[in-house]
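Trainee: One rule links them: number in our numbering = place in the sequence shown (from 1) + 3.
Just so it is clear, CB atoms sit at the ideal spot from N, CA and C, and this is done for glycine as well.
Please find one structure pasted underneath; my questions will follow.
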Amino acid sequence: MIMRVFIFGVLVFFVLYPFKLSFILIESRILVAFAGLLAFLYDLFRVGFSLDRYLFGRFAFVVFGAFLVFWVSALSLIFNESNDIQLLKYPLVVSSFLFMGYFLFFCSRFLLSGDMFYRFSLTLILVVLVQSLISLLMYFYQPLFDVWLNFVVYSEHEVALIDDLRYSRVIGIGRPFFAGGIINGFILIIIAHMLSNYRMTNLETVFYVTSYLLIFLIGMLISRSVLLGFILSVLIILHVRYKWQIRVYLFSMTYLIFLLILILPFLFSDTFEVLRKFAFEMFYSFFDGRGFETRSTEHLKTMFVYPDSVKTWLIGDGYWFNQDGGYYMSTDVGFLRLIYYFGALGLVVFCLYQLTLVLSAFGCSYFAFIVFLYFLVLNLKGYTDLSFIVILFFYFRRSERI
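Here is the structure:
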């Protein structure tokens, strides 16, 4: 059983944290997507069109929605005479997510059993927890991080950032910086949902609360955007629907206080001083009388550069990057990058597509509302597309609303 969970966890790691080894030069999730395509064709030829109609419907829906993004992108590129095909590739990217998910679903038949949503969510939590702990270990033992860098291919821009920041914050392996924070924050929301919807033993509750705290704290050392996932996870916990939830929450809070008593002395030791000042910079600023600000938030304010023409607002400029490889108009704000690429029309199509993905994966529920809110707020900071993780849940849904 442990070996099966380990194998499935490795596959999930390849999907969540894509990397390209220097001696293979093919990204890990591309290999998983190709395996998923082969698994899909195998099932298709084995059982023909009697294959789960729900899955066929999901495939058609996801691809159709991605092509809406494609067409509005094509319209902008043609109108602006641009050759920046960043979101023109969107159907191909989303299709790869579909086949990655299908390969995980195919393997889960042999490796998992029971409530598939629960088992898959548990695997996600374990994978993110392990990745967070390994990333923290690499920060404190830099030679190990150097070994990782020697075998994994990064872009020149990423290498420059890593060299500049590797001693002041934890670099998440596979997904450094903001991208890593997105996953950790999402997992906090998942854990809160698990605690709110599954009756657990005290031992299981201890595991989830411990995972929650570690993923939050290490996530803050990777990217402070994890704080958003924390806030939204608290909103899920406060959404009490059953009496037994109160008992679970009281036990969880008691255990959490006990954990904090153990962890805080280490967190406030000299060893963690640099990381602590990065993770909780906003609180240091507040107590210094400067309000809840960080260098990152102050820099973000300069990136709210709005279009100055009606044409750009409507159909965009057709550019995702500048000619020097930097972000177009030097803005990292997700909504603005989308507007500059294909205008308000494309922004609406993209956001509605994300909403329908979330509703299809999680049903019309409070949990789905929280996930979509997570998407919206993240795009005020940087470009965020949750399809890479939401699509995976198409294959591991619960039968009832969550």
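Could you tell me whether the Cβ atoms of SER85 and TYR322 are closer together than 8 Å?
Mentor: yes
Trainee: Would the beta-carbon of ILE318 fall within 8 Å of that of PHE73?
Mentor: Cβ atoms of ILE318 and PHE73: not closer than 8 Å.
Trainee: From which residue to which residue does the alpha helix (DSSP H) around TRP247 run?
Mentor: 246-270
Trainee: Given a cut-off of 8 Å on the beta-carbon distance, is the pair LEU40 and CYS110 in contact?
Mentor: no
Trainee: What do you get for VAL1, buried or exposed, if any count of 16 or more other CB atoms within 10 angstroms of its CB means buried?
Mentor: Outside the displayed range of the chain (4 to 405) lies residue 1, so it cannot be described from this structure.
Trainee: Name the DSSP bridge partner or partners of PHE324?
Mentor: DSSP, once it has assigned bridges, lists TYR330 as partnering PHE324.
Trainee: Going by C-alpha to C-alpha distance, which of LEU278, LEU303, LEU44 and ARG298 sits closest to MET285?
Mentor: Per the Cα distances, ARG298.
Trainee: With a threshold of 16 other CB atoms inside 10 Å of the CB of PHE9, please say whether the residue is buried or exposed.
Mentor: exposed
Trainee: Cα separation between HIS160 and LEU28?
Mentor: 18 Å
Trainee: Using C-beta distances below 8 Å, list every residue in its chain close to LEU303, excluding the 5 sequence neighbours before and after it, in chain order.
Mentor: ASP335, VAL336 and LYS384
Trainee: With 16 as the cutoff for other CB atoms within 10 Å, does GLU403 come out buried or exposed?
Mentor: Because GLU403 sits at a pLDDT of 44, beneath the cut-off of 50, its placement in the model cannot be relied upon, and the following sentence gives the value as read from the coordinates. Exposed, by the Cβ-count rule.
Trainee: CA-CA distance, SER99 and ARG250?
Mentor: 42 Å
Trainee: Given 8 Å as the limit, is there contact between the stretch 354-372 and the stretch 306-313, that is, 3 or more CB pairs closer than that?
Mentor: no
Trainee: Taking HIS242 as part of the alpha helix (DSSP H), name the residues at either end of that continuous run.
Mentor: Here HIS242 belongs to no alpha helix (DSSP H), and DSSP marks it neither H nor E.
Trainee: With DSSP run on the structure shown, which of helix, strand or coil describes LEU358?
Mentor: helix
Trainee: Can you give the Cα-Cα distance for GLY117 and VAL65, rounded to whole angstroms?
Mentor: 27 Å
Trainee: Is it a yes or a no for the stretch 370-379 touching the stretch 88-95, going by three-plus beta-carbon pairs under 8 Å?
Mentor: Between the stretch 370-379 and the stretch 88-95 there are fewer than three inter-stretch CB-CB distances shorter than 8 Å, so the stretches are not counted as touching.
Trainee: Let me check understanding here. Comparing Cα to Cα, which of LEU152, PRO310, PHE219 and GLU301 lies closest to LEU24?
Mentor: LEU152
Trainee: Identify the residues that DSSP records as bridge partners of VAL155: which are they?
Mentor: Under DSSP, the beta-bridge partners assigned to VAL155 are LEU24.
Trainee: My understanding is that ILE174 touches ILE165, with C-beta atoms under 8 Å, so please give their C-beta distance in whole angstroms.
Mentor: 6 Å
Trainee: Can you tell me whether DSSP reads TYR142 as helix, strand or coil?
Mentor: helix
Trainee: Given a threshold of 16 other Cβ atoms within 10 Å of its Cβ, counted over all protein chains shown, does PRO179 qualify as buried or as exposed?
Mentor: buried
Trainee: Can you check whether the CB of ILE394 is closer than 8 Å to the CB of LEU58?
Mentor: no
Trainee: With DSSP collapsed to three states, give me the class of ARG32.
Mentor: helix
Trainee: Identify whether ARG400 lies in helix, strand or coil by the three-state DSSP scheme.
Mentor: coil
Trainee: Under 7 Å Cβ to Cβ from ARG7, same chain only, skipping five residues before and after it: list those, please.
Mentor: LEU114
Trainee: Just verifying my parser: in three-state terms, what is the DSSP assignment at GLU84?
Mentor: coil
Trainee: Determine the burial state of VAL229: buried for a count of at least 16 other Cβ atoms within 10 Å of its Cβ, exposed for fewer.
Mentor: buried
Trainee: With three or more beta-carbon pairs closer than 8 Å as the criterion, would you say the stretch 203-219 touches the stretch 122-142?
Mentor: yes
Trainee: Could you give the DSSP three-state label for GLY183: helix, strand or coil?
Mentor: helix
Trainee: Distance check for LEU224 and LEU19, CA to CA, integer angstroms please.
Mentor: Separation of LEU19 and LEU224 (C-alpha to C-alpha, rounded to the nearest whole angstrom) is 19 Å.
Trainee: Please report how far the alpha carbon of ILE405 lies from the alpha carbon of GLY366, in whole angstroms.
Mentor: Residue confidence for ILE405 is low, a pLDDT of 44 falling below 50, so the modelled location carries little weight and cannot support an answer.
Trainee: Given this structure, state the Cα-to-Cα distance separating VAL212 from VAL131, to the nearest angstrom.
Mentor: Cα-Cα distance, rounded: 14 Å.
Trainee: Is ARG293 helix, strand or coil when you go by DSSP?
Mentor: coil
Trainee: Can you list, in chain order, the residues of its chain with a C-beta nearer than 7 Å to that of TYR330? Leave out the 5 residues immediately preceding and following it.
Mentor: PHE324 and ARG340
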